[in-house]
Amino acid sequence: MFSFFKKVTSKSPVGSRQGPEPISLEPVLIPASQHGLSEASISSGARKVIKALREAGYAAELVGGCVRDLLLGQTPKDFDVVTDALPEEVRQVFRRARLIGRRFRLAHVRMGREVIEVSTYRASSANSGQGGEVIHGDYGRILRDNVFGTRDEDVLRRDFTANALYYDPVKNHVIDYVNGFEDIHQRRLRFIGEPAERLSEDPVRMLRAVRFKAKLGLTLGDQIEDLIRDNAFLLRHVPPARLFDEVLKMFHHGCAVSVFSALRELHLFAELFPQADRAFESIDVAPGVGLVWRALENTDRRVQVGKPVIAAFLFAALLWRAVRIQRDRYVQEGMPILPAIQRSATMVVGRENQRVAIPRRVSTVIFEIWELQDRLEARRPRTIARLLENKRFRAAYDFLVLRSQAGESDEALTQWWTRIQEVDPPEQQQMIKLLKGGGSGHKRRRARKRPSKSTTKHRE
Ligand code: ATP
Ligand code: MG
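Take the position in the sequence shown, starting the count at 1, then add 340; the result is the number in my numbering.
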């Protein structure tokens, strides 16, 4: 299958797993003098898990993202352990392990506040071992992949060479089968095996490539970028729920702006968000200017200082132009503003769900953020106290700020909302009173009945 690998020796498989003839590669062992890592580089939880598995007679190392990140001088977000113990055997070693996953069955081991993911070596789909199954779907896509194998096999089913390094913290060497160490050094992201094949096997690898490019500054090279552009459509065959998880992984790790640029450059964005892509006007995506760009910058800033970010805000920003276009159509047809927003929101999110499945708990919040825009703009005195108490007020206010920065809503109005949150209750009352002074009771009633007219003065 992977033609660029030389079949070197036929070593006996690790542990008790016996497959048909395993593909066997001779790994290069990279010593500490070259890799610069030490046992202290890894979390105490991961160390304990590896130690316990080894004491129980199993092989165990760190693998994947954490080794890559350490070698790049970054702090890994988690430590993944790989072993020749089967998931059930892992559970016997750690009573508190939880077996999870359908596509990949693996164990979560809790160590204090850490959760260490422990997975069993797997054979690639081409070399079946024992104790599992590989199910293929259309376009060669792997649907389920539970064939256990040896480490020599495990390495071949990983996506990129940079993600296929093992670190043995006891012997303190990095185990490299695929020249990943050199690739990391050169900051190259290279597919293991034949790129076109690996990409159609699991099209999500295109999104993973974008994430590693954006987050770690790894380069893909022109050929792979062209290949991704040509195959972007394959994302249509990925379950929308998986794409939702992947979208959050891409956008919520402090490099949303670069992810967004790369997704658009590689024609992947239009596959994930076709309506948003069609609706965007140049101002929306103008660097440093438009609403989308500012929302992503804002998200990055929050992630970088450890503030929480919510999925709803991201989707609300990305889909906003599509909703506005639809809303304006409805309003032109004579529909009042609030139902127009609600209908457009349902339509846009409903269509988006066919590509990226937005869970109900998220879409509810997206709808609230959008609907509250109208109420924030209308500033109806009697509703202000309740609005300030609304649990989505803050998200909706942040969205209003973005819109105002993007030149889409009145700056004075946004400032008013900023101020009312800063002052004490008597002054809040005063501010509300002044609003009342600005209009008659008759006007307010009209505003409630026909909100579309009362709000147009603040609209774009
Ligand atoms: P992150 O820093 O985001 O966790 P990661 O590389 O660790 O990056 P994970 O999703 O945690 O990503 O996966 C762990 C490892 O499993 C990867 O490094 C890679 O070796 C392998 N892997 C994950 N997803 C895939 C995939 N879709 N195809 C092939 N290998 C994969
Ligand atoms: Mg990881």
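Positions of the beta carbon are idealized from the N, C-alpha and C atoms, including for glycine.
query, result
"Cβ neighbours of L740 in the same chain (closer than 7 Å, five flanking residues each side left out)", "Q713, L716, S749, T754, W757"
"Nearest to M590 (by Cα), restricted to the options P580, A572, A602", "A602"
"Residues that DSSP places opposite M451 in a beta bridge", "E454"
"Inter-stretch contact at 8 Å, needing at least 3 Cβ pairs: the stretch 412-419 / the stretch 427-443", "no"
"Anticipated Cβ contact below 8 Å, V597 with E537, distance rounded", "That pair is no contact at about 32 Å."
"Alpha helix (DSSP H) runs wholly inside the stretch 669-744, at least 4 long, in chain order", "677-692, 700-718, 721-729"
"Identity of the residue in E429, A651, D499 nearest R539 by Cα", "Checking the sequence shown, residue 539 turns out to be Leu, not Arg. Closest option to L539, Cα to Cα, is D499."
"A735 classed as buried or exposed, judged by whether at least 16 other C-beta atoms fall within 10 angstroms", "buried"
"Pairwise C-alpha distance: E605 and P627", "14 Å"
"Complete runs of the alpha helix (DSSP H) confined to the stretch 536-565 [at least 4 residues]", "544-556"
"CB of L574 within 8 Å of CB of L583, strictly", "no"
"Unbroken beta strand (DSSP E) run spanning T754, endpoints", "Premise fails: T754 lies in the alpha helix (DSSP H), 751-762, not in any beta strand (DSSP E)."
"Cβ neighbours of R453 in the same chain (closer than 6 Å, five flanking residues each side left out)", "none"
"Pocket of the ligand MG defined by Cβ to heavy atom distance under 7 Å", "G404, G405, C406, K417, D418, D420"
"Distance, E366 Cα to L654 Cα", "45 Å"
"Near the ligand ATP: R548 beta-carbon under 7 Å from a heavy atom", "yes"
"Sub-8 Å separation of V702 and R732 beta-carbons", "no"
"Assigned secondary structure, A425 (DSSP; H/G/I helix, E/B strand, else coil)", "coil"
"Cα-Cα separation, L608 to L567", "12 Å"
"The ligand ATP heavy atom lying under 7 Å from the CB of A504", "yes"
"Check: V587 C-beta below 7 Å from any heavy atom of the ligand ATP", "no"
"Any non-hydrogen atom of the ligand SAH closer than 7 Å to D624 Cβ", "With respect to small molecules bound, the structure shown includes the ligand ATP and the ligand MG and not the ligand SAH."
"Member of G520, A399, Q694, H448 whose CA lies at the smallest distance from the CA of L369", "G520"
"Assumed close pair P579, Q694 - CB separation to whole angstroms, cut-off 8 Å", "Contact doesn't hold; Cβ gap of about 11 Å is too wide."
"Endpoints, the alpha helix (DSSP H) within which L410 is located", "405-411"
"Buried or exposed by the 16-neighbour rule on C-beta atoms within 10 Å, applied to Q666", "buried"
"Three-state class that DSSP yields for V587 in the structure shown", "helix"
"In DSSP terms, what S378 is bridged to", "The partner list for S378 (beta bridge, DSSP) is empty, contrary to what the question assumes."
"Cβ-Cβ distance between I524 and A502 below 8 Å", "yes"
"Contiguous beta strand (DSSP E) assignments of at least 3 residues, all confined to the stretch 596-673", "none"
"Any non-hydrogen atom of the ligand ATP closer than 7 Å to D542 Cβ", "yes"
"Continuous beta strand (DSSP E) stretch holding H513: start and end", "513-516"
"Those residues which DSSP pairs with D420 across a bridge", "E457"
"beta-carbon R545 near the ligand ATP non-hydrogen atom, thresh 7 Å", "yes"
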